[in-house]
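Chains A and B, in that order, are what the protein sequence lines are. For the first sequence, the numbering used here gives the first residue as 1, with consecutive numbering after it. For the second sequence, the numbering used here gives the first residue as 1, with consecutive numbering after it. Beta carbons: idealized from backbone N, C-alpha and C, even for Gly.
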Amino acid sequence: MTCGDEEIRTKLQLASRSELARSRLETAYSALGDCQLCAHRCRVNRLAGERGLCHAAVEARVFIAQVEVSDELELIPTFAVALSGCDLRCDFCITGAESWNPRAGQPLDPVVLAKQARTALGEGARTIMILGGEPTVHLPAVLAIVAALPDEAKLVWKTNAHGSAQARGLLDGLFDVWLADYKFGNDACAHRLARVPNYTSVVRENLLWANDRSELIVRHLVMPGHVDCCWAPVARWLAEALSGVKVNLRSGFWPAWKAARHAELSGTVTATEADRAREIAREHGLIQVP
Amino acid sequence: MNTREKSAPPMTEGSTLGSTSELLILPDGKILVHNLTPAFAAVLSGLNSADEQIQPRAALAGIMNGSRL
């Protein structure tokens, strides 16, 4: 072996996903001391016990670790790992009890999770999906999981796309697919339903970045009474800014968690609304995936 | 704080969180499902083998070998 060969091998080894994740662990943990992982940028010292809007501590907990087949067909069966806690406060959250409470579930052990994931892959799972809540608020734990996973596994980052530039930097190159929600078509609905400011600009910034760095699938959950104010603008922007991106339009909304706080969210999506949403997607030439 | 989180043990090699699927059955008979596991996909597929939403998922679930569904 020549010196040149050794140098190439070293570079390749450093470029492996698990190594990359491991190399960022210290930085990610340190970041909790002045937390700006999500776009709220609370700047609390989680290492000293302070809590930001997500209420998350240093410890990450997991409330789901199982094989699922409810996501996009090209991703399933997936071994889904759901971390408790989230930076958004969507009143209609389907996993509200766990997403609003970072103390829900069990303490996360990345080695145990990685072993379970390897077993699932061996039994036929096609991907490993990290989700929440919102996994961005637990980036150190996410990096620890990725560091323990096989480099050849196809990894999916399921996110609300409300992360910060700092979070994106820590995630760069680690996930094969970004599966990102684009929930609200305007800042007023985002603030009213999820108490999040500046939603549109943050999500768009994240989606554009993700599309440059990895495969991107954008999800939109059609909400009753929000086809024209939310889905239509989202569809228009996707057609203009992310032409060719895969879109999964989901119409299975149900009035979970605190949805009853909003009169229009007290039921499911009507057939008329679902048809109208699909028509909008067709009008904009969006590439829909099941 | 609920009792589940108080009693939740740390993850260990032998521990699992248990399988979880949630469903909502609408008055018109339509079923909405969240966190669909392979086992539950098989159940729903058996209930309505003509359902276009569940069939491809049940088929893909079928590639899992020996999983604790």
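Short Cβ contact (7 Å threshold) for residue i with residue j
| i | j | result |
| --- | --- | --- |
| ASP87 (chain A) | CYS38 (chain A) | yes |
| THR295 (chain A) | LYS154 (chain A) | Absent from the structure is residue 295 (chain A), since the part of chain A shown begins at 1 and ends at 290. |
| PHE79 (chain A) | VAL67 (chain A) | yes |
| LEU108 (chain A) | ARG61 (chain A) | yes |
| LEU207 (chain A) | LEU25 (chain A) | no |
| ALA82 (chain A) | ILE94 (chain A) | no |
| HIS226 (chain A) | LEU249 (chain A) | no |
| LEU60 (chain B) | ILE280 (chain A) | no |
| VAL245 (chain A) | VAL218 (chain A) | yes |
| ASN35 (chain B) | SER21 (chain B) | yes |
| LEU139 (chain A) | ALA57 (chain A) | no |
| SER266 (chain A) | PRO255 (chain A) | yes |
Residue i, enclosing beta strand (DSSP E) - first and last residue
| i | result |
| --- | --- |
| LYS158 (chain A) | 155 to 159 |
| ASN248 (chain A) | 246 to 250 |
| HIS162 (chain A) | Unbroken run through HIS162 (chain A): none, as it is neither H nor E. |
Bridge-paired residues (DSSP) for residue i
| i | result |
| --- | --- |
| ARG278 (chain A) | DSSP output for ARG278 (chain A) lists no bridge partner at all. |
| THR127 (chain A) | A:THR78 |
| TRP293 (chain A) | Outside the displayed span of chain A (1 to 290) sits residue 293 (chain A), for which this structure offers no information. |
| VAL67 (chain A) | A:PHE79 |
| CYS90 (chain A) | None, per the DSSP bridge assignment. |
| LEU23 (chain B) | B:VAL33 |
| PRO362 (chain A) | With chain A running from 1 to 290 in the structure shown, residue 362 (chain A) is simply not present. |
| GLN288 (chain A) | A:VAL247 |
| CYS38 (chain A) | A:GLY163 |
| LEU221 (chain A) | A:ARG250 |
Closer than 6 Å: residue i CB and nearest the ligand NAP heavy atom
| i | result |
| --- | --- |
| LYS183 (chain A) | By its list of ligands, the structure shown contains no ligand whatsoever, and the ligand NAP lies outside what it can speak to. |
Nearest-angstrom Cβ-Cβ length linking residue i and residue j, presumed shorter than 8 Å
| i | j | result |
| --- | --- | --- |
| ILE124 (chain A) | SER84 (chain A) | It should be pointed out that residue 124 (chain A) corresponds to Gly in this sequence rather than to Ile. Wrong, their Cβ atoms sit about 27 Å apart, outside the cutoff. |
| VAL234 (chain A) | GLU72 (chain A) | No, VAL234 (chain A) and GLU72 (chain A) are not in contact; Cβ-Cβ is about 17 Å, not under 8 Å. |
| SER308 (chain A) | PHE175 (chain A) | As shown, chain A starts at 1 and ends at 290. That puts residue 308 (chain A) outside it, with no answer to give. |
| GLY137 (chain A) | CYS54 (chain A) | Position check: residue 137 (chain A) holds Val in this sequence, whereas Gly was assumed. Indeed, because the Cβ distance is near 5 Å, the residues count as touching under 8 Å. |
| SER23 (chain A) | ASP151 (chain A) | With 8 Å as the limit, SER23 (chain A) and ASP151 (chain A) do not qualify as a contact, their Cβ atoms being about 14 Å apart. |
| VAL146 (chain A) | LEU179 (chain A) | In fact, because the Cβ distance is near 16 Å, the residues do not count as touching under 8 Å. |
| ALA210 (chain A) | SER251 (chain A) | ALA210 (chain A) to SER251 (chain A), Cβ: 24 Å. No contact. |
| ALA39 (chain B) | SER19 (chain B) | 7 Å |
| VAL269 (chain A) | VAL222 (chain A) | 5 Å |
Where the alpha helix (DSSP H) containing residue i begins and where it ends
| i | result |
| --- | --- |
| VAL43 (chain B) | 38 to 47 |
| ILE54 (chain B) | 54 to 61 |
| GLU98 (chain A) | 96 to 99 |
| ARG46 (chain A) | Unbroken run through ARG46 (chain A): none, as it is neither H nor E. |
| ALA239 (chain A) | 232 to 241 |
| THR27 (chain A) | 17 to 31 |
| ARG192 (chain A) | 187 to 194 |
| VAL142 (chain A) | 139 to 148 |
Listed by chain order, chain D residues near residue i by CB distance under 7 Å
| i | result |
| --- | --- |
| ILE94 (chain A) | The structure shown contains no chain D; its protein chains are A and B. |
Residues of the region 35 to 66 of chain B in Cβ contact with chain A at a cutoff of 7 Å, in chain order, please. From the region 35 to 66 of chain B, only ASN35, LEU36, THR37, PRO38, ALA41, PRO56, ARG57, LEU60, ALA61, ILE63, MET64, ASN65, GLY66 have a Cβ closer than 7 Å to chain A.
Mind checking the region 65 to 78 of chain A against chain B and listing, in chain order, the residues whose C-beta falls within less than 7 Å of any C-beta there? Those residues of the region 65 to 78 of chain A that come within reach of chain B (Cβ to Cβ, closer than 7 Å) are ALA65, GLN66, VAL67, GLU68, VAL69, SER70, LEU73, ILE76, PRO77.
Using a Cβ cut-off of 9 Å, which residues of the region 121 to 135 of chain A contact any Cβ in chain B, in chain order? For the region 121 to 135 of chain A, the set of positions with a beta-carbon nearer than 9 Å to some beta-carbon of chain B reads GLY122, GLU123, GLY124, ALA125, ARG126 in chain order.
Note down, in chain order, all residues in the region 49 to 63 of chain A with a beta-carbon under 9 Å from any beta-carbon belonging to chain B. Going along the region 49 to 63 of chain A in chain order, one finds ARG61, VAL62, PHE63 with a Cβ nearer than 9 Å to chain B.
What are the residues in the region 268 to 285 of chain A lying within 8 Å of chain B by C-beta distance? Hits within the stretch, in order: THR268.
Using a Cβ-Cβ cut-off of less than 7 Å, give me the residues of the region 232 to 263 of chain A that come near chain B, in sequence order. Residues of the region 232 to 263 of chain A that bring their beta carbon within less than 7 Å of a beta carbon in chain B comprise GLY252, TRP254, in sequence order.
Mind listing which residues of the region 103 to 116 of chain A have their C-beta closer than 8 Å to chain B's C-betas, in chain order? Flagged, chain order: ARG103, ALA104, GLY105, GLN106, PRO107, LEU108, ASP109, VAL112, LEU113, LYS115, GLN116.
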